[in-house]
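Number of protein chains: 2
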Amino acid sequence: MRDTDFIGGFAKGLRVIEAFGEATPRLAIADVARTTGLDRATARRCLLTLSELGYAEYDGKFFALTPKILRLGHAYLSATPLPKIVQPFLDRLSEEVGQSASASVLDGTEVVYIARASHRRVMSINLMPGSRLPAYCASMGRILLAALPEEEARQILERTAIRAFTPFTRTDPDELLGELARVRAQGYAVIDQELELGLCSIAVPLIGERGRIVAALNVGASAAQIPAGELAKRFLPALQTIAQDLRLLR
Amino acid sequence: MRDTDFIGGFAKGLRVIEAFGEATPRLAIADVARTTGLDRATARRCLLTLSELGYAEYDGKFFALTPKILRLGHAYLSATPLPKIVQPFLDRLSEEVGQSASASVLDGTEVVYIARASHRRVMSINLMPGSRLPAYCASMGRILLAALPEEEARQILERTAIRAFTPFTRTDPDELLGELARVRAQGYAVIDQELELGLCSIAVPLIGERGRIVAALNVGASAAQIPAGELAKRFLPALQTIAQDLRLLR
DNA sequence: GACATTTGTTCATATATCGCACATTATCGC
DNA sequence: GCGATAATGTGCGATATATGAACAAATGTC
């Protein structure tokens with residue numbers, strides 16, 4: 647690609663949108679300039695453009711995104727067949743096992759939820775399509791990392807900011823790579839309170855065309871109700887059935 | 647705003663993202679140029695930019711959005727407190743009444759789902775945060791339209807492409823305005839199979855600061871199981887309790 | 001209340017982008 | 001295969017945008 651094929655203003659605008667996040671729902675021009683590294687004048691122009699188009703609101707001091715911005719993500723969720731195909735299966739699965747079920751894909755070092763059937767709330771954080779979790783300590787993340795060539799998985803782990811969310815979180819890259827090998831061999835991944843105390847989950851791969859692993863499915867449960875050791879016995883057959891059914895669709 | 651404060655390239659890029667949708671997951675350069683009305687060269691530059699940034703994939707022929715694009719919508723969902731606050735209440739409500747519960751806001755002529763606790767699948771279409779429905783024939787849409795000054799509601803109806811999804815759909819603007827008045831007076835809205843046969847729902851407003859209606863909550867049910875006439879009796883108290891609890895939070 | 005800082009806005013100009021016209025390459029019907 | 005048609009890639013002048021410094025306004029500090 648020649649560099650004249652790159653629209654700098656567009657790229658900067660997207661960075662401005664991403665500047666809004668969890669802890670920063672309302673931002674002043676200077677805030678955006680700082681977090682994006684853009685010049686204040688440029689940040690201002692991006693924000694005014696967003697506001698002019700209705701993607702953001704401006705009260706004279708702070709900018710905030712409007713629900714119109716959801717059109718952008720929705721363009722993916724509705725355009726990509728996978729979320730739509732998977733959702734009814736997750737609903738059925740969730741109903742059947744009495745727990746939350748989700749599907750996700752890998753984006754960089756993170757797992758991105760593309761569909762979810764939430765049953766009981768067992769996690770403190772609220773997951774929905776678009777939500778992200780670090781791949782290294784999520785059951786679906788382990789599946790998706792295990793699907794990559796080992797070298798690639800290692801690179802992703804290397805550029806992940808690994809931290810221990812709980813005393814159970816595995817943080818050693820080599821140990822994690824060993825775990826990935828185990829996951830690859832056994833065909834499913836179990837996480838026991840590595841992300842959040844009291845929460846465990848089990849995930850399986852979803853196979854697409856040419857046998858490629860395109861997504862992961864999981865079931866999450868409260869560790870108090872169901873010990874991690876029992877996850878495979880209780881949920882693996884249902885998960886594998888769903889994964890098999892979904893495979894037949896393609 | 648002076649016109650030099652507007653970044654055309656950014657606005658065009660956003661249009662390109664929105665060109666991807668339900669029926670068009672994969673688009674060639676010329677497709678995008680046609681649907682957006684942009685010059686082919688410009689559409690190409692936008693697409694290459696998206697691809698360079700990892701928001702899209704390019705196989706040499708077609709472009710498709712990647713899950714990274716969800717970061718943009720997620721910036722809103724995680725930045726705006728409302729979805730996060732509402733979700734646990736919806737979960738509780740859904741569990742309590744044994745039906746799906748949702749929350750939405752108005753964006754133009756459409757209702758945008760910002761949170762949802764799906765219980766049983768009663769709709770043919772798959773709703774999730776970011777999903778959109780025409781406001782005029784959705785229970786939450788009626789609530790949100792009724793919250794506007796009548797003149798504004800009329801204008802929205804005028805620029806809506808009103809069509810009859812079922813034989814029950816009300817399509818006459820004056821009749822709809824009358825219905826809005828009724829909704830405003832009684833404080834809740836009931837839809838009986840206007841959007842989809844076999845589906846009915848009931849919605850209430852969610853009050854924010856200064857008494858402004860900031861969102862709507864609803865419960866959907868199968869018309870076969872629960873006639874529309876019984877919705878108020880069965881679900882209104884629970885809905886109103888939730889709305890009241892949520893009001894206290896602010 | 002005056003000073004120091006931060007923030008928002010404007011301006012001139014260097015730079016990048018736009019859209020057109022043309023060249024090239026793929027796709028389709030036959 | 002071959003011509004017709006459509007799609008993609010590219011160079012260029014006109015035009016729009018980015019930049020950083022300078023200014024104005026607001027905010028915070030003492």
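Note that the protein sequences, when read in sequence, are chains A and B. At position 61 of the first sequence (counting the first as 1) the number is 707 in this note's numbering, and the numbers step up by one without a gap. At position 72 of the second sequence (counting the first as 1) the number is 718 in this note's numbering, and the numbers step up by one without a gap. For every residue, glycine included, the Cβ atom is placed at its ideal position computed from N, Cα and C.
Scanning its chain for C-beta atoms nearer than 6 Å, with the 5 sequence neighbours on each side dropped, one finds around GLY776 of chain B the residues GLY719, in chain order. DSSP places ASP685 of chain A outside any alpha helix (DSSP H), giving it a letter other than H or E. The beta carbons of THR755 of chain B and ARG805 of chain B sit closer together than 8 Å.
Close to chain A, meaning a Cβ-Cβ distance shorter than 9 Å, are the following residues of the segment 695 to 722 of chain B: THR695, LEU696, SER697, GLU698, LEU699, GLY700, TYR701, ALA710, LEU711, THR712, PRO713, LYS714, ILE715, LEU716, ARG717, LEU718, GLY719, HIS720, ALA721, TYR722. The DSSP assignment places complete beta strand (DSSP E) segments of no fewer than 3 residues inside the segment 676 to 727 of chain A at 702 to 704, 709 to 711, in order along the chain. Around the C-beta of ASP737 of chain B, 16 or more other C-beta atoms lie within 10 Å, and the residue is accordingly described as buried.
For GLY866 of chain A, there is no enclosing alpha helix (DSSP H); the enclosing beta strand (DSSP E) has its first and last residue at 859 to 868. ASP651 of chain B carries a helical assignment under DSSP once its states are collapsed to helix, strand and coil. The C-beta of ASP677 of chain B comes no closer than 8 Å to any C-beta of chain A. If the five residues before and after GLY700 of chain B are omitted, its C-beta is found closer than 7 Å to the C-beta atoms of THR712, LYS714, all from its own chain and listed in chain order. By the Cβ rule, the segment 867 to 883 of chain B does not count as touching the segment 817 to 826 of chain B, because fewer than three pairs are nearer than 8 Å.
Straight through space, the alpha carbons of LEU822 of chain B and ALA793 of chain B are spaced by roughly 14 Å.
Residue burial is scored here from C-beta neighbours: ARG690 of chain B has at least 16 other C-beta atoms within 10 angstroms and is therefore classed as buried.
Membership of ILE872 of chain A in any beta strand (DSSP E) is not indicated, and neither H nor E is assigned to it by DSSP. Positions of the beta strand (DSSP E) runs, each at least 3 residues long and wholly inside the segment 751 to 823 of chain B, are given as 756 to 763, 778 to 780 in order along the chain. Here the alpha carbons of LEU803 of chain A and ALA761 of chain B stand approximately 32 Å from one another. Within the segment 770 to 795 of chain A, those residues whose Cβ lies closer than 8 Å to any Cβ of chain B are, in chain order, ASN772, MET774, PRO775, GLY776, SER777, ARG778.
Going by beta carbons, ALA710 of chain A and PRO671 of chain A fall inside the 8 Å limit.
Under DSSP, the beta-bridge partners assigned to ALA749 of chain B are B:ALA761, B:LEU863. Looking at A:LEU660, A:SER748, A:ILE675, A:VAL662, the one whose alpha-carbon comes closest to that of VAL865 of chain A is A:SER748. Counting along the chain, ALA835 of chain B sits inside the beta strand (DSSP E) bounded by residues 835 to 838.
Residue pairing by DSSP places GLY744 of chain A in no beta bridge whatsoever. DSSP places LEU845 of chain B inside the beta strand (DSSP E), whose first and last residues are 845 to 853.
Here ARG661 of chain A carries a helix assignment [DSSP, helix/strand/coil].
Rounded to whole angstroms, the Cβ separation of LEU694 of chain B and ASP651 of chain A is 5 Å, and the two are in contact under 8 Å. Note on geometry: alpha-carbon atoms of ALA869 of chain B and ALA799 of chain B lie some 28 Å from one another. Taking 8 Å as the threshold, the shortest C-beta distance from THR670 of chain B to chain A falls below it. VAL758 of chain B reaches chain A at PRO713, LYS714, LEU716, ARG717, HIS720, counting residues in chain order whose Cβ is nearer than 9 Å. Classified as buried, LYS658 of chain B has 16 or more neighbouring CB atoms from the shown chains inside 10 Å of its CB. Taking 8 Å as the threshold, the shortest C-beta distance from ASP753 of chain A to chain B falls below it. If you draw a straight line from the Cα of VAL836 of chain A to the Cα of THR681 of chain B, it comes to about 45 Å.
For the set B:GLY787, B:ARG788, B:TYR759, the Cα lying nearest the Cα of MET774 of chain B is the one of B:TYR759. In terms of beta-carbon proximity, GLY655 of chain B lines the interface with chain A, with at least one pair separated by less than 8 Å. Going by beta carbons, ALA861 of chain A and PHE666 of chain B fall outside the 8 Å limit.
Residue-level contact check: CYS846 of chain B does not touch chain A, since none of the beta carbons of chain A fall below 8 Å from its beta carbon.
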